[in-house]
Structure formats: structure tokens, C-alpha cells
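Trainee: My numbering applies: residue 1 is where the sequence shown begins, and numbers increase by one.
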Amino acid sequence: MSTRITLVRGDITTEEVDAVVNAANSSLLGGGGVDGAIHRRGGPEILAACEDLRRSHYGKGLPTGRAVATTAGRLPARHVIHTVGPVWSPSDDRSELLASCYRESLRVADELGARTVAFPAISTGIYGWPMDDGARIAIETVRASGTSVEEVRFVLFGTDAYETFAATL
Ligand code: ADP
Numbered sequence: 001m002s003t004r005i006t007l008v009r010g011d012i013t014t015e016e017v018d019a020v021v022n023a024a025n026s027s028l029l030g031g032g033g034v035d036g037a038i039h040r041r042g043g044p045e046i047l048a049a050c051e052d053l054r055r056s057h058y059g060k061g062l063p064t065g066r067a068v069a070t071t072a073g074r075l076p077a078r079h080v081i082h083t084v085g086p087v088w089s090p091s092d093d094r095s096e097l098l099a100s101c102y103r104e105s106l107r108v109a110d111e112l113g114a115r116t117v118a119f120p121a122i123s124t125g126i127y128g129w130p131m132d133d134g135a136r137i138a139i140e141t142v143r144a145s146g147t148s149v150e151e152v153r154f155v156l157f158g159t160d161a162y163e164t165f166a167a168t169l
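1) Between the Cα of residue 26 and the Cα atoms of 121, 62, 116 and 169, which residue gives the shortest distance?
2) Does the segment 12-23 come into contact with the segment 71-81, if we say contact requires no fewer than three beta-carbon pairs (one atom in each stretch) closer than 8 Å?
3) Taking 7 Å as the cut-off, is the beta-carbon of residue 172 closer than that to any non-hydrogen atom of ligand 1?
4) For the beta strand (DSSP E) containing residue 68, list its first residue and its last residue.
5) The alpha helix (DSSP H) spanning residue 141 covers which residue range?
6) So what does DSSP say about residue 154, is it helix, strand or coil?
7) Using 8 Å as the threshold, is the segment 156-166 in touch with the segment 46-57, meaning 3 or more CB pairs across them?
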């Protein structure tokens, strides 16, 4: 079965999908960008679930390139899948870690039985990854993933991100 890739411009917190992917940091305790927006709109239930994860499986935090699911609180989505992107480096090729975020998030989505999943452009904000390379890795990795998810929706904040993903697709 092939996965449909769609693109929309907008705010990922309003997407009506089975799972929304959060560009989290390894603390799982909130941050700026997508992370801040998800916790603000999703309410305290998401943070409480993240704190539980820190107390149980992820005492040292979630490693870069991994993914874990929680409730989506008050978001229209059913689940939030938190993944930690790599910080971009001009001297060290961390592409495999960025690809791993997409792969691992889709593996978790498959475990949840999610049919529709919304992704932001992981690492392309505060973590500084160039948008064109981030888009290429995102799309190539989803295409190669073999996931059972029916629709992967990239939710892009701003015209530049949208245009870059559209050109890559
Ligand atoms: P990272 O730390 O992984 O770089 P950010 O959250 O800073 O994560 O940014 C990731 C991408 O998500 C950036 O392209 C940013 O512009 C975009 N972004 C920020 N807020 C939202 C939002 N509410 N919905 C969708 N995309 C967003």
C-alpha cells in the first residue's frame, strides 16, 4: 500500500489527524516553536504524560532520532508523537539522525494504528537545518519507510517552507 504525501500551509496544532508529530527537545518538557505551540494548545495533560515518561523510560531524556507517543490532550489529534531532531552542524553530517526522526515517528504511528499523521519540518527552526535539505530528507525517508500510514501530511509554517516542500515533492 502506498502512502499519500500531502502538503498544507499552517499551524500543526489545528490539524485533525490521528497523530501530530512534535519537534521536541530531549528533555520532553517543552520548548519553543512547534513544541511550545503543541503544549499551549494541547494543555497540561501532554506535559504530565511527558513527565511520566521522564520518570519511567526516559530518565535521561529522549535521545536524538527517537520517537515516543503521548496523549494529544485538547488538540483535535488523538496522539502526539514526540521526536528529537538533530541540531544542524556545518561540519558534522547528522542527516541519518534527521531521517531517523521520520522513520521512528512512522514506526510509532504504525504501532498506534494511525492512518493520518501530520509532521512539521523537523529541525528546520530553532535547530537551524537548511529548509531544502530538511525537505529532501523528510520526503525521501517517508517514501522509503514502508509505513502503513495512509496519509503523511507535512504542515508548513510560512510560504518559504511550503514552496520548498512543494518543489521537492
Ligand atoms: P526544531 O527545534 O526541530 O528546529 P522548531 O519548532 O523550532 O523545531 O521548528 C521546526 C519547523 O516548524 C520550523 O520550520 C518552524 O518554522 C515550524 N513551526 C513553528 N511553529 C509551527 C507550528 N505551530 N505549526 C507548524 N510548523 C511550525
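Heads up, the beta-carbon is just placed ideally off N, CA and C, and yes, glycines get one too.
Mentor: Walking through what the data contain:
1) The residue labelled residue 26 in the question sits at position 26 within the sequence shown. Nearest option by C-alpha distance: 62.
2) yes
3) This structure does not reach residue 172, given that the chain is present from 1 up to 169, and the question cannot be answered.
4) Working through the sequence shown from its first residue, we reach residue 68 at position 68. Looking at the DSSP string, the run of the beta strand (DSSP E) that includes residue 68 is 67-71.
5) Residue numbering aside, residue 141 sits at position 141 when the sequence shown is read from its first letter. 131-143 is the span of the alpha helix (DSSP H), which, as asked, contains residue 141.
6) By 1-based counting over the sequence shown, the position of residue 154 is 154. Strand at residue 154.
7) no
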